[in-house]
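S.K.:
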Amino acid sequence: MKKLLNISLLLLVFGVSGSLSCQSWFRPKQVKKAEPGLSASDFFKAETRKAMMPAAAQRVSAPTIRPPGAINSDVVISRPVTSRAVTSGAVTSELIDVSAPGTSVISRTYPWPECGIVQLDKTLPNEVGMNRTFNYTIKISNLMETTLTDIIVTEHLPDNFKYLSSNPSGKEVERKVIWDIATLGPKARIQFTVSGVATYTAPLKYCTTVITPVIPACAVIQVIQPELKLTKTSPAEVLLCDLIPVRFVVTNAGTGSIQNVKIVDNLPAGLRTTDGKSELVFEAGTLGAGQSRQFTAELRATQTGTFVSSAVASSTTGMRIESAATTTSVGMPILAISKTGPDRLYIGRPAAYEIRITNKSDVAAKNTMMEDTIPDGVTGVKATAGAKLSGSKLIWEFGTLEPNASKNVRVTYTPTKAGSLINTATASAYCAEAVTSTMRTTVTGISALSLEVVDVDDPIRTGNRATYVIRVENQGSATATNIRIACILENNVQYVSSAGATASSQEGQTIRFYPLGSLAPKAQAAWRVVVEAVRPGDVRFKAIMNADQLSRPVEETESTHIYE
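Note that this note's numbering has the sequence shown beginning at 19, numbered continuously upward.
1. Classify Met388 as buried or exposed, calling it buried when 16 or more other Cβ atoms lie within 10 Å of its own Cβ.
2. Leaving out the 5 sequence neighbours to the left and right, which residues in its chain are closer than 7 Å to Pro72 when beta-carbon positions are compared?
3. Express the C-alpha separation of Gly134 and Tyr181 in angstroms, rounding to a whole number.
4. Straight-line CA distance for Gly398 to Pro368?
5. So Gln527 and Ile506 are supposed to be a Cβ contact under 8 Å. How far apart are they, rounded?
6. Report yes if the C-beta distance between Ile392 and Ser410 is below 9 Å; otherwise report no.
7. Given Ala405, which residues of its chain have a CB within under 6 Å of its CB, disregarding the five upstream and five downstream residues?
8. Should Arg458 and Asp361 be called a contact, given that it needs their Cβ atoms to be closer than 9 Å?
9. Does DSSP put Pro263 in a helix, a strand or coil?
10. Exposed or buried, Gly55, counting other C-beta atoms within 10 Å across all chains shown (16 or more means buried)?
11. Since Trp414 sits in a beta bridge, which residues does DSSP pair it with?
12. What did DSSP end up calling Cys449 once you bin it into helix, strand or coil?
13. Does the segment 546-554 come into contact with the segment 514-532, if we say contact requires no fewer than three beta-carbon pairs (one atom in each stretch) closer than 8 Å?
14. Helix, strand or coil: how does DSSP classify Pro186 here?
15. Could you check the C-alpha separation between Arg215 and Ile124 for me, to the nearest Å?
16. Taking only three categories from DSSP, how would you classify Glu173?
17. Am I right that Ala445 and Ile375 are in contact with their C-beta atoms under 8 Å? What's the rounded C-beta distance?
18. Say yes only if the C-beta of Phe325 is nearer than 8 Å to one or more non-hydrogen atoms of the ligand FMN, and no if none qualify.
19. If you draw a straight line from the C-alpha of Ala329 to the C-alpha of Ser252, how long is it?
20. Decide if Asn377 is buried, meaning its Cβ has at least 16 other Cβ atoms within 10 Å, or exposed.
21. Once you ignore the five residues that flank Thr480 on each side, which residues in its own chain have a CB closer than 8 Å to its CB?
22. Is the segment 255-266 touching the segment 195-202 in the sense that three or more CB pairs, one from each, lie closer than 8 Å?
23. What is the DSSP secondary structure of Pro368, reduced to helix, strand or coil?
24. Please list, in chain order, all residues of the same chain as Glu508 whose beta carbon is under 7 Å from its beta carbon, the five residues on each side excluded.
25. Write down every uninterrupted run of the beta strand (DSSP E) in the segment 489-548 whose length is 3 residues or greater and which is fully enclosed by it, in chain order.
26. Tell me, please, which residues DSSP counts as bridged to Leu248.
27. Going by Cα to Cα distance, which pick from Thr460, Ile196 and Pro129 is closest to Lys435?
28. In the structure shown, what three-state DSSP assignment does Glu192 receive?
29. My guess is that Leu305 and Val268 are in contact by the Cβ rule of under 8 Å, so how many angstroms apart are they, rounded?
30. What would DSSP say about Glu297, mapped onto helix, strand or coil?
31. Do the segment 417-434 and the segment 321-336 make contact, defined as three or more Cβ pairs closer than 8 Å?
32. Distance check for Glu470 and Thr499, CA to CA, integer angstroms please.
33. Whether or not the segment 224-232 and the segment 169-185 are in contact is what I'm after, with contact meaning three or more pairs of Cβ atoms, one per stretch, closer than 8 Å; do they touch?
34. Given this structure, state the Cα-to-Cα distance separating Met563 from Ile503, to the nearest angstrom.
35. If you draw a straight line from the C-alpha of Thr454 to the C-alpha of Val429, how long is it?
Written as structure tokens, this is what we have:
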């Protein structure tokens with residue numbers, strides 16, 4: 019490549035190139051003849067000065083031919099301009115001689131003046147002493163707004179110059195000093211100082227070449243690497259009646275964009291969308307670099323169990339990514355209830371019931387509560403602390419019942435009538451099926467018959483009459499049936515008459531009343547027996563009662579004192 023650049027520069031110098039991408043600096047001029055007595059070099063210098071001066075200033079006398087070794091310093095140009103010389107009908111470029119008192123500055127731009135990339139400024143003394151060390155400088159300037167690389171500056175040394183050093187140091191090769199400039203920033207400059215000695219009296223001719231880098235025509239094609247990422251989240255545990263929220267986040271974690279991104283989640287058996295579908299589909303569209311989109315949905319489980327699933331994100335360009343699998347356990351609280359109490363009970367006796375509820379599942383039962391219905395025909399309702407009366411129900415609220423945990427309560431009712439006492443308790447919790455337990459107690463009454471016998475007059479005189487009253491009361495809760503009364507008289511008295519709830523018959527000294535069919539609870543029945551006192555003494559009147567509800571007779575005796 020460097021050889022090609024050198025060839026291009028040479029072609030430019032000798033006018034081979036016909037046109038360039040920049041404004042052409044070749045101007046056809048009439049071929050001039052050298053003036054008599056001038057060398058070609060002196061002629062080119064004179065023509066250069068004329069070309070760069072205003073018209074009025076171009077009228078100068080012919081240059082004086084100087085002896086070899088002399089430096090032409092009688093013309094000083096105040097600003098850098100480009101000199102041109104004519105040879106063989108073509109225009110070529112030479113270095114500009116920009117001089118200051120005691121020094122000369124040679125400037126040139128590379129690779130050509132009108133399209134310069136690099137500018138060379140070379141400052142040399144006009145004259146030096148033989149065998150005396152002197153310095154001159156070479157300055158390279160970047161004319162571009164961009165960093166240049168691989169610039170090569172070559173300084174060709176004269177034969178009568180002894181090279182001593184340079185700063186920065188260059189590489190000395192066969193009467194040349196070469197500097198490689200790896201990089202030169204935008205508008206930056208670098209300066210080299212060369213030190214040496216003139217070894218004999220002859221002009222020192224220094225030639226500098228600069229190889230500039232090729233400035234490529236660059237086009238940028240972005241290399242992208244899009245990357246799909248997909249996450250799916252769902253709760254680890256839910257109850258069967260809960261909605262299951264799921265969330266999808268699809269992200270382009272790479273560079274560039276991904277078109278037509280779609281998320282598909284095929285639901286396992288037992289999971290459905292709220293509208294009954296077995297598949298979730300989301301259109302994410304185009305995702306730019308670093309862009310994410312989020313989608314949510316709610317699912318419903320049709321059965322308990324553990325459900326594992328993952329979603330897939332894909333694009334029309336063939337990208338595909340599967341999310342990590344999510345696991346959701348769907349449970350349901352299972353309650354059990356039991357109720358114990360008496361199978362049989364007498365009216366008026368309190369009936370105590372024990373109620374127990376248990377969470378038989380491996381998930382907590384939330385909002386657990388129990389209700390016990392108060393049966394009809396009871397009084398004296400009592401219950402375990404925490405019970406609330408609501409209408410005809412007793413209610414206990416237990417909150418959350420942990421797996422395998424239990425709660426016990428006690429309730430007491432006093433029945434007021436016979437029959438079947440039906441008592442039902444119900445346990446319920448959030449998302450659990452309600453369970454009930456019913457207890458049936460047979461309530462019966464008990465007859466409690468009391469027998470009372472009193473004499474109306476006591477004592478009595480022989481020959482007078484005595485009246486005995488027999489009273490029977492059912493103090494129990496059940497009707498007494500088939501009540502039979504018999505009275506036994508001693509020989510000191512003689513039967514006269516009898517009356518009462520039922521008729522009677524006499525068998526010697528025994529009076530029997532016909533059976534009384536029934537006697538309701540708290541009811542009374544009475545009979546009366548009249549006797550005549552026939553001899554004095556301490557007399558006993560005995561009444562005997564039998565009934566269906568009595569396993570043995572009830573006897574009652576009344577004493578009467580008879581005197582003469």
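Even for Gly, the Cβ is constructed at its ideal location relative to N, Cα and C.
M.R.: Quick look at the numbers:
1. buried
2. Below a pLDDT of 50, predicted positions are generally treated as unreliable, and Pro72, at 45, falls in that range; the measurement from the model is reported next regardless. Excluding positions up to five away in sequence, the list is empty.
3. 30 Å
4. 8 Å
5. 6 Å
6. yes
7. Leu412 and Trp414
8. yes
9. strand
10. Unreliable placement is indicated for Gly55, whose pLDDT of 40 sits below 50; the coordinate value is still reported in the next sentence. Per the 10 Å Cβ criterion, exposed.
11. Met388
12. coil
13. yes
14. coil
15. The identity of residue 215 in the sequence shown is Val, whereas the question assumes Arg. Each residue's Cα considered, the two are about 20 Å apart.
16. strand
17. 4 Å
18. Of ligands this structure carries none, so the ligand FMN is not represented either.
19. 12 Å
20. buried
21. Ala551, Val552, Arg553, Pro554, Ile580, Tyr581 and Glu582
22. no
23. coil
24. Val557 and Arg558
25. 498-506, 511-518, 522-525, 528-531 and 534-537
26. Val268
27. Thr460
28. coil
29. 7 Å
30. strand
31. no
32. 18 Å
33. yes
34. 5 Å
35. 16 Å
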